[in-house]
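Data block below; observations after.
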Amino acid sequence: IRYIQGDLAAIDEKYDVAISTACGPLDNIVVDTIDTAQQCVTFLKKRNLGQATFIGLDKMTKFAETMRQPLETPENVPRLFDLIRVEDESVLPAFYFALRDTLVAPNLDQATRIALQGRVRWRVVTLQGQLLDPSGTMSGGGNKQMKGRMGSSVVAHAGTDMKREDIEKLDKKMEQLSQQLNAKRQKRLELEKNLDQISRDSQKLKVLIDKTATELEASNQEESIINKQIANQEKVLRNTVIDENEKKRLQKRVDELIKEYDHVYQSGEEIRAKVAKYHEKIMEISDRLVGSVQKQLDECRNDLENCRKNITKSNVSVKTAQRNLRKTEEQIEKCQQELKESEVTKQTLKDKRKKLETEGVKVMDAFERAKENAKKLEEDCIAVKKALDSAEELEQQLSKTAMDKKQRLETSESALKEQTHKLNHWRKEIKKLKLNDLRDLKPISNVKKATPVKKVKRRKGKTQKDNENSPSDDLENENKEEIDDSNSDGDDDDDLEQNSAAEEDQQETCSDSRFDEVDLPTPEENALRKMQEKSIVVTLTVDEDNLKSMKPNLGAIDDFRKKLEKYNACVQDLEEVTTFRDKVRLKYDEFRKRRLTEFMTGF
12 IRYIQGDLAA IDEKYDVAIS TACGPLDNIV VDTIDTAQQC VTFLKKRNLG QATFIGLDKM
72 TKFAETMRQP LETPENVPRL FDLIRVEDES VLPAFYFALR DTLVAPNLDQ ATRIALQGRV
132 RWRVVTLQGQ LLDPSGTMSG GGNKQMKGRM GSSVVAHAGT DMKREDIEKL DKKMEQLSQQ
192 LNAKRQKRLE LEKNLDQISR DSQKLKVLID KTATELEASN QEESIINKQI ANQEKVLRNT
252 VIDENEKKRL QKRVDELIKE YDHVYQSGEE IRAKVAKYHE KIMEISDRLV GSVQKQLDEC
312 RNDLENCRKN ITKSNVSVKT AQRNLRKTEE QIEKCQQELK ESEVTKQTLK DKRKKLETEG
372 VKVMDAFERA KENAKKLEED CIAVKKALDS AEELEQQLSK TAMDKKQRLE TSESALKEQT
432 HKLNHWRKEI KKLKLNDLRD LKPISNVKKA TPVKKVKRRK GKTQKDNENS PSDDLENENK
492 EEIDDSNSDG DDDDDLEQNS AAEEDQQETC SDSRFDEVDL PTPEENALRK MQEKSIVVTL
552 TVDEDNLKSM KPNLGAIDDF RKKLEKYNAC VQDLEEVTTF RDKVRLKYDE FRKRRLTEFM
612 TGF
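Right, here's the structure in full:
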């Protein structure tokens, strides 16, 4: 057995409230192995010493590597596990098991910002004791803060092995404490009995109070009735009519009587003074003559007065005793009735007791059987507990894996949200771009090829001798001219073919595939998957540099469009002229053939 977990480490007093709030298992007992923990639990059960929670260090070794890994915390707040100090580093995994990656913040605002508003959620505790879980729940508050569960220095005897003599002393002390505990329990039973008696007395007092309250309520009702009668009499008094003449006459009579009274009173005062003098003289004489007899008479009178008072008190006591007697008789009747009911209840309880004794024997048998079953269940419980421990280990591993995956998922979700936001931004930027439609800039490409024009060689300087040639000579000359015309026509055809080829090249140059699309090109999904981010970034950088150096003049498109319109108009005019020329050429050929035919016919 090492010691209580809270005594195996120390922390700065500044973080006392934080560690006491965030570390629940500080009151658990740390042992070397889980077998030792099982022995301790068995010992507590046998001695009936209560319950305790034990932490086996052999099961905590799986946290040794995790706790030593460096941790980057938001806003550089400290991890609570890194603030504790221990003398024996073998107990550190137990503290990491209790704390994990709990952070400590100076105030609630920073703790909320760190715990809930970042990409990764943290378990954070404040210096005042408010605890925020990654799930979003917060605990804390109250009139008292939890503190003192871990000291500022490690307990000196923590982690040391105890001698057998010390254990025996502790056993003796434990027995003494057990005896004291039993005495306290006995005293508690006596106090509970006294409490029951006080409760019964309080019930009687409550009944008496209720009775007094009823009498007081009746008195209040009588008082209200009397007040109503007084109010009615006051109304009658106010409604009574007083004769003013009679009132004045009576007032005058009262004044006269007062004057007479004052006069008589003054006369009486003089007489009283004389009587007092005479009385004093008489008393002096009587004292001398009948002083002793008068004293005896006064004593008799005093005794008589005392007797009268005693008689009055006795009469009152007799009346009170009579009332008490009537009440006592009523109480006796009630008690007799209750006694009869108690006897009936007693007989009923006796019958129930016999039944309970019979059932008790059955219950004891069942208890013995249950005790045997409990032993079997205890053995099964040990096996189940071992399976439960293995399941808990698996659960911890799965929960850790789930937490890691959850953190990765949250990181991926936040990155996805950020990339989605960027994607929407660039889509808006792309929508702002204007794509000039260049399809209308194609020149007209359906210009007819020009029909070759025959060149007529005019014979210059014909002499009379030539005119005198024979018709056969004229025919030969005509044939030569036709041959020359055909050669010249061949040359013209070659020139026209070269011009049409140049025009077709120009049309192919203008009809670029980029101008066939109005919308901006969007790459397909397969092409996007083959793309690499680095190559895209490099290409984008090169294109941006080229765009800055190119400085395109988009106004040239409108100028070119205007010139193209003029060019197309000229091409249409050329088509019309070419068509007209072809018609004339056909007629010309027709006339030449006709002339030749007529000439040959005439020849």
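The sequence shown lines up with residues 12 to 614 when you count with our numbering. Glycine residues also receive a C-beta, built at the ideal position from the N, C-alpha and C atoms.
What first and last residue would you give for the alpha helix (DSSP H) that runs through residue i?
i           : result
residue 108 : 103-110
residue 129 : Looking at the DSSP string, residue 129 is not in any alpha helix (DSSP H), and its letter there is neither H nor E.
residue 613 : 566-613
residue 28  : 27-33
residue 547 : 544-561
residue 54  : 45-58
residue 535 : Counting along the chain, residue 535 falls outside any alpha helix (DSSP H), and DSSP gives it neither H nor E.
residue 84  : Counting along the chain, residue 84 falls outside any alpha helix (DSSP H), and DSSP gives it neither H nor E.
residue 71  : Run containing residue 71: none; DSSP gives neither H nor E here.
Pull the bridge partners of residue i from the DSSP assignment, please.
i           : result
residue 617 : Because the chain here runs from 12 to 614, residue 617 falls outside it and cannot be looked at.
residue 114 : 90, 135
residue 20  : 97
residue 282 : Answer by DSSP bridge pairing: none, since residue 282 is not bridged.
residue 15  : 40
Would you please state the rounded distance, in angstroms, between the beta carbons of residue i and residue j? I believe it to be under 8 Å.
i           : j           : result
residue 131 : residue 408 : Residue 131 to residue 408, Cβ: 20 Å. No contact.
residue 115 : residue 138 : 7 Å
residue 117 : residue 68  : Actually they are not in contact, since the Cβ atoms of residue 117 and residue 68 sit about 33 Å apart, beyond 8 Å.
residue 113 : residue 97  : Their Cβ separation, rounded to whole angstroms, is 17 Å, which puts residue 113 and residue 97 out of contact at 8 Å.
residue 143 : residue 127 : 7 Å
residue 94  : residue 23  : 7 Å
residue 158 : residue 28  : 5 Å
residue 165 : residue 394 : Not really, about 38 Å apart at Cβ, beyond 8 Å.
residue 31  : residue 161 : 7 Å
residue 47  : residue 12  : 7 Å
Along the chain, where does the beta strand (DSSP E) that runs through residue i open and close?
i          : result
residue 65 : 65-67
residue 40 : 40-42
At a cut-off of 8 Å, would you count residue i as near the ligand SAM, judging by its Cβ distance to the nearest heavy atom?
i          : result
residue 57 : Ligands in the displayed structure: none, and consequently the ligand SAM is not present.
Mind listing, in chain order, the continuous alpha helix (DSSP H) runs of no fewer than 4 residues lying wholly within the region 222-248? Runs found: none.
Uninterrupted alpha helix (DSSP H) stretches inside the region 188-220 (no shorter than 4 residues): none
Tell me whether the region 30-46 and the region 12-19 touch, counting them as touching only if at least three CB pairs, one residue from each stretch, are closer than 8 Å. yes
For the structure I just gave you, are there three or more beta carbon pairs, one from the region 49-67 and one from the region 75-92, closer than 8 Å? No, the region 49-67 is not in contact with the region 75-92.
Pair every Cβ in the region 62-78 with every Cβ in the region 185-204, then say whether three or more of these pairs are closer than 8 Å. Judged by Cβ distances under 8 Å, the region 62-78 makes no contact with the region 185-204, as fewer than three pairs qualify.
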